[in-house]
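According to the working numbering, the sequence shown is numbered sequentially starting from 1.
For each residue, glycine too, the CB sits at the ideal point set by N, CA and C.
Presented below is the structure to which this report refers.
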Amino acid sequence: MQPDRVGQSISDGAASFVVVANRLPIDATIEDDGLVTWSGSPGGLVSALAPVLTGREAVWIGWSGIATDERPVTPPSMMGSYHLVDVPLTTQMVEEYYEGFSNSTLWPLFHDRIVAPEYHRDTWNAYVEVNLLFAERTAAVAAQGATVWVHDYQLLLMPSMLRSLRPDLRIGFYLHIPFPPAELFLQLPWRQRIIEGMLGADLVGFQTPFGAGNFCEVASLLLDIDNTFDRDAGGWVDLDGGRRVRVDAFPISIDVVSYAALAATPEVQQRAREIRSELGDPKFLLLGVDRMDYTKGIDVRLRAFVELLEDQMLDPGTVVLMQIATPSREQVEEYQRLREDIELLVGRAAGALGEIGEMPLRYMYSGLPREELVAFYVAADVMLVTPFRDGMNLVAKEYVACQVDDNGSLVLSEFAGAALEFPQAWLVNPFSQESVKEAIMTAIGTTSADRRRRMSAMRTHLTRHDVARWAKGFLDALAAV
Ligand code: ADQ
1 MQPDRVGQSI
11 SDGAASFVVV
21 ANRLPIDATI
31 EDDGLVTWSG
41 SPGGLVSALA
51 PVLTGREAVW
61 IGWSGIATDE
71 RPVTPPSMMG
81 SYHLVDVPLT
91 TQMVEEYYEG
101 FSNSTLWPLF
111 HDRIVAPEYH
121 RDTWNAYVEV
131 NLLFAERTAA
141 VAAQGATVWV
151 HDYQLLLMPS
161 MLRSLRPDLR
171 IGFYLHIPFP
181 PAELFLQLPW
191 RQRIIEGMLG
201 ADLVGFQTPF
211 GAGNFCEVAS
221 LLLDIDNTFD
231 RDAGGWVDLD
241 GGRRVRVDAF
251 PISIDVVSYA
261 ALAATPEVQQ
271 RAREIRSELG
281 DPKFLLLGVD
291 RMDYTKGIDV
301 RLRAFVELLE
311 DQMLDPGTVV
321 LMQIATPSRE
331 QVEEYQRLRE
341 DIELLVGRAA
351 GALGEIGEMP
361 LRYMYSGLPR
371 EELVAFYVAA
381 DVMLVTPFRD
391 GMNLVAKEYV
401 ACQVDDNGSL
411 VLSEFAGAAL
421 EFPQAWLVNP
431 FSQESVKEAI
441 MTAIGTTSAD
451 RRRRMSAMRT
461 HLTRHDVARW
471 AKGFLDALAA
481 V
């Protein structure tokens, strides 16, 4: 869907349904002559929410992706049938609130401290300031009694800020990343403010029951209050003053039908054959697809693969691992370091492995159009998804949705939310190189009947649990509180 420049801006107090996320669902392209053009960004959240944004006075509030002092821009005011409202941010706000507190403090802390979180008062202050900007914009736009759905770790304080400005609103909050256990979360210097911020919502949703349980435990500890959380049924946190907050797990998913339909088209099937041929027609094609992020365990699978070649368990003449990594958070130092490490690993492996003409390890650092990505999923025999910790991991679900002939294997980390839904995958502990190596060998060596039985079970589950069901599940629960 393309944004609409001439669409009407929404009036204050007019929106009956509001989605709030760090980013608007649009991307700017800056041409050589400085002209800015906008296109819809085709993320999973956008396709999940498009149906619920249609048919009512709905608005999506977020940042345009361009700092106001870098370039004055006026983002489009509509996208299809819903309105867009920009929260303008300066370069300094982006550095401190987004790259700083969100991505250098919360992201690593909530992902088991895979790298050490940084604690700085300045970035915290910016985080408070920007959350308030989002709350004020939302308070202005929402109609009396409107439903507001706030997304993710960049906006943890916003629910309570919004509630104090507009107690009439029905507020839902959804966390896309894991919520850590108490012993980690309690390190955060501003822990109580964060918990109180989230408890401003009527419903707080998580990817898994583990995240929801961790949150309830921390809330009870810090605020000395009761909760009735149960892994199977969710629960309530009882606040002083009698207000109750519903807490539950809502595992996110993808638009399964559209992925499967695209995978089945003759063009994508043909492109999948071409990809295999361009890679030298390997007997086994292994694939990794990730944002370039240290949580994703890209190094783990590359090392496991290299060791299998060195141990002569795999033949460099017949097997290829293709790793595709999308650029991500390139302004953050830790991400620059990660990219250097991965590329060093790939370079060393290229020099040391295989005969002349053989290139068992291939690497691409770029985002791909949806059709090309799906063609890679169709082409691959084994998908390697090995994060150290991941809220859900949509790549695993996309791969499963695209195996329309049930002929593919998934190697999946136990520490991805998706592992709870895919017990038929080859589950691995990414902290154990041996575990990953074993799973690769078993996935390659299994019988065709076993492979199909596993994939078919995963596809059946996924088809019944698509993203529309996720959005409806959350919004129904929010309507019921
Ligand atoms: P992410 O950490 O971004 O999401 P993930 O769920 O895997 O992780 O989603 C990545 C998305 O980017 C997928 O839709 C994938 O297709 C796309 N992508 C990756 N590499 C690509 C490439 N090279 N070209 C094009 N597209 C590419 C966060 C949480 C997750 C949670 C999601 C949704 O960290 O745990 O599943 O939100 O809630």
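Residue 25 and residue 39 have their alpha carbons spaced roughly 9 Å apart. Relative to the ligand ADQ, the nearest heavy atom lies less than 6 Å away from the CB of residue 326.
Contact between residue 284 and residue 382 holds: their C-beta atoms lie close to 7 Å from each other, under 8 Å. Secondary structure note for residue 244: its beta strand (DSSP E) is the uninterrupted segment 244-249. When the five nearest sequence neighbours on each side are left out, the beta carbons in the same chain lying within less than 6 Å of the beta carbon of residue 57 are those of 14, 15, 16, in order along the chain. The C-alpha of residue 376 lies about 17 Å from the C-alpha of residue 444. The beta carbon of residue 372 lies closer than 8 Å to those of 271 in the same chain, with the five residues before and after it left out. In the DSSP annotation of this structure, residue 429 is not part of any beta strand (DSSP E), being labelled neither H nor E. Shortest gap from the CB of residue 390 to any heavy atom of the ligand ADQ: under 6 Å.
Excluding five sequence positions before and after residue 112, the CB atoms of its chain that fall closer than 6 Å to its own CB belong to 389, given in chain order. Listed in chain order, the non-local C-beta contacts of residue 158 below 6 Å within the same chain comprise 131, 134, 135, 150, local neighbours out to five positions each way being set aside. In the displayed model, residue 404 falls within coil according to three-state DSSP, outside both helix and strand.
The three-state reading of DSSP puts residue 73 in coil, since its state is none of H, G, I, E or B. Put simply, the backbone Cα of residue 55 is about 7 Å away from that of residue 81. Runs of the beta strand (DSSP E) lying entirely within the stretch 255-302 and spanning at least 3 residues, in chain order: 284-291.
The beta-bridge partner set that DSSP reports for residue 151 consists of 174. Distance from the Cα of residue 463 is smallest, within the candidate group 8, 28, 261, for 261. The straight-line gap separating the alpha-carbon atoms of residue 163 and residue 281 is approximately 58 Å. Residue 176 has its Cβ nearer than 6 Å to a heavy atom of the ligand ADQ. Counting other Cβ atoms within 10 Å of its Cβ, residue 323 reaches 16 or more and is therefore classed as buried.
The beta-bridge partner set that DSSP reports for residue 220 is empty.
Distance between residue 122 and residue 129, taken at the CA atoms: about 11 Å. Burial check for residue 198: the Cβ neighbour count within 10 Å reaches 16 or more, so the residue is buried. The three-state secondary structure of residue 311, taken from DSSP, is coil. Restricting attention to alpha helix (DSSP H) runs no shorter than 4 residues, the stretch 302-379 encloses them at 333-352, 370-379, ordered along the chain. Not one heavy atom of the ligand ADQ is found less than 6 Å from the C-beta of residue 19.
Exclusion of the five residues before and after residue 86 leaves 64, 75 as the residues of its chain whose Cβ lies within less than 6 Å of its Cβ. Note that the C-beta distance between residue 258 and residue 470 is not below 7 Å. Annotation note: the stretch 13-80 contains the following uninterrupted alpha helix (DSSP H) runs of length 4 or greater, listed N- to C-terminal: 44-53. With respect to the C-alpha of residue 289, the residue from 273, 222, 374 having the closest C-alpha is 374. Taking a C-beta distance under 7 Å as the contact criterion, residue 181 and residue 119 do not qualify as a contact pair.
One thing to note: residue 18 has its Cβ within 7 Å of the Cβ of residue 59.
Relative to the non-hydrogen atoms of the ligand ADQ, the Cβ of residue 103 never comes closer than 6 Å to any of them.
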